[in-house]
Amino acid sequence: MKNLKERILELKKEKNAVILAHYYQEADIQDIADYVGDSLGLSQEAMKVDADIILFAGVHFMAETAKILNPTKKVILPDLKAGCSLAESCPPDLFKQFIDQHPDHIVITYVNCSAEIKALSDIVCTSSNAVKIVESVLKDRPIIFAPDKNLGKYIIEKTGREMLLWDGSCVVHEAFSLDKLIEVHKLHPDATIIAHPESETHILKTASYIGSTAGMIEYVKTNSNNKFIVATEAGILHKMQQEVPEKILIPAPAKDDNTCACSECAYMKMNSLQKVYDCLLNETPEIVVPENIRKKALLPIERMLELSK
Ligand code: 13P
Ligand code: SF4
438 MKNLKERILE
448 LKKEKNAVIL
458 AHYYQEADIQ
468 DIADYVGDSL
478 GLSQEAMKVD
488 ADIILFAGVH
498 FMAETAKILN
508 PTKKVILPDL
518 KAGCSLAESC
528 PPDLFKQFID
538 QHPDHIVITY
548 VNCSAEIKAL
558 SDIVCTSSNA
568 VKIVESVLKD
578 RPIIFAPDKN
588 LGKYIIEKTG
598 REMLLWDGSC
608 VVHEAFSLDK
618 LIEVHKLHPD
628 ATIIAHPESE
638 THILKTASYI
648 GSTAGMIEYV
658 KTNSNNKFIV
668 ATEAGILHKM
678 QQEVPEKILI
688 PAPAKDDNTC
698 ACSECAYMKM
708 NSLQKVYDCL
718 LNETPEIVVP
728 ENIRKKALLP
738 IERMLELSK
């Protein structure tokens, strides 16, 4: 009797599908994926896919971005409810009103937003290229940055640029506790703190390295230290530990978490191996983006990809 992983791999071949997974997916899903990466890497990979079906093991905005970039492929997501607190914080009608109040501003949006919001944007960015994208804008041009205020504050600090920030945040990265982090660091004073820029400023101030999930993995691989406290979603520890089996990785502690020492994204964890199997078998739920929105949303993503070369 074949196990679920073997059946998924068989079905994937039969259906000429590829599985793209984010680092926050559960370990079993990462293990059967053709590619595991951060938001930028996943977009670049999705664009290149030649197979008939892209099964996106991630959240809705990621699968939607894949569809925008590679519209002739069938893009399926194991659970349509796999959303994102950042994307949900930014409804298109309110965002349109905000933009209309500041017509002279260039609109830069973090990729964690809906296709409708991307369609209202001038340039999209991810956590791995946000600083570069903001720096590419002419100095005298005012900027709106949405939806992540924490990433926005970090970019303002790094670039010295003034930006109007949308009031959105990631529920997972806002759950880290500074007091508990300091306690853990006292127990492991030789550990280097690394953090994702969706974290709050007081957490970022403690970090020796700040970057995207892919950037954090690269840092741990190339840094000579052997111990790290990792302030991002705990799913990253699977691939990170595979890359540095000899190093000690400690998840940064969350505020009100008595059961688990780490932070998990409930949206990312809606996908399961069983749902991946069912999704491939039935080729549903499918991601559909209306063509008029897709065309408008494509332009700011293409600008980002061009600037990321
Ligand atoms: P990256 O993997 O691009 O750093 O994004 C992190 C994240 O929170 C995705 O939802
Ligand atoms: Fe959204 Fe945060 Fe979950 Fe990423 S970790 S999908 S930003 S809620």
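Adding 437 to a residue's 1-based position in the sequence shown gives its number in this note's numbering. We treat Cβ as the ideally placed atom computed from N, Cα and C, and that holds for glycine.
Can residue i be considered in contact with the ligand SF4, in the sense that its beta carbon sits closer than 7 Å to one or more heavy atoms?
{"i": "residue 549", "result": "yes"}
{"i": "residue 677", "result": "no"}
{"i": "residue 705", "result": "yes"}
How about residue i: is its Cβ closer than 7 Å to a heavy atom in the ligand 13P?
{"i": "residue 475", "result": "yes"}
{"i": "residue 591", "result": "no"}
{"i": "residue 646", "result": "no"}
{"i": "residue 564", "result": "yes"}
{"i": "residue 649", "result": "yes"}
{"i": "residue 635", "result": "yes"}
{"i": "residue 460", "result": "yes"}
{"i": "residue 568", "result": "no"}
{"i": "residue 527", "result": "no"}
Measure from the alpha carbon of residue i to the alpha carbon of each residue in the options, then state which is nearest.
{"i": "residue 587", "options": "507, 546, 519 and 679", "result": "546"}
{"i": "residue 580", "options": "564, 595 and 559", "result": "559"}
{"i": "residue 626", "options": "665, 636, 593 and 605", "result": "665"}
Is DSSP giving residue i helix, strand or coil here?
{"i": "residue 629", "result": "strand"}
{"i": "residue 563", "result": "coil"}
{"i": "residue 459", "result": "strand"}
{"i": "residue 652", "result": "helix"}
{"i": "residue 667", "result": "strand"}
{"i": "residue 714", "result": "helix"}
{"i": "residue 416", "result": "Nothing in the structure corresponds to residue 416, since the chain is present only between 438 and 746."}
{"i": "residue 556", "result": "helix"}
{"i": "residue 698", "result": "Only weak support exists for where residue 698 lies, its pLDDT of 47 falling under 50; the coordinates are left without a value."}
{"i": "residue 492", "result": "strand"}
{"i": "residue 608", "result": "coil"}
{"i": "residue 726", "result": "coil"}
Can you give me the Cβ contacts of residue i inside the same chain, cut-off strictly under 8 Å, excluding the 5 residues immediately before and after it?
{"i": "residue 470", "result": "456, 457, 458, 462 and 494"}
{"i": "residue 447", "result": "439"}
Leaving out the 5 sequence neighbours to the left and right, which residues in its chain are closer than 7 Å to residue i when beta-carbon positions are compared?
{"i": "residue 660", "result": "629"}
When every heavy atom of the ligand COA is checked, does at least one fall within less than 7 Å of the C-beta of residue i?
{"i": "residue 667", "result": "This structure does not include the ligand COA; its bound ligands are the ligand 13P and the ligand SF4."}
Leaving out the 5 sequence neighbours to the left and right, which residues in its chain are closer than 6 Å to residue i when beta-carbon positions are compared?
{"i": "residue 602", "result": "582, 586 and 589"}
{"i": "residue 524", "result": "498, 549, 550 and 551"}
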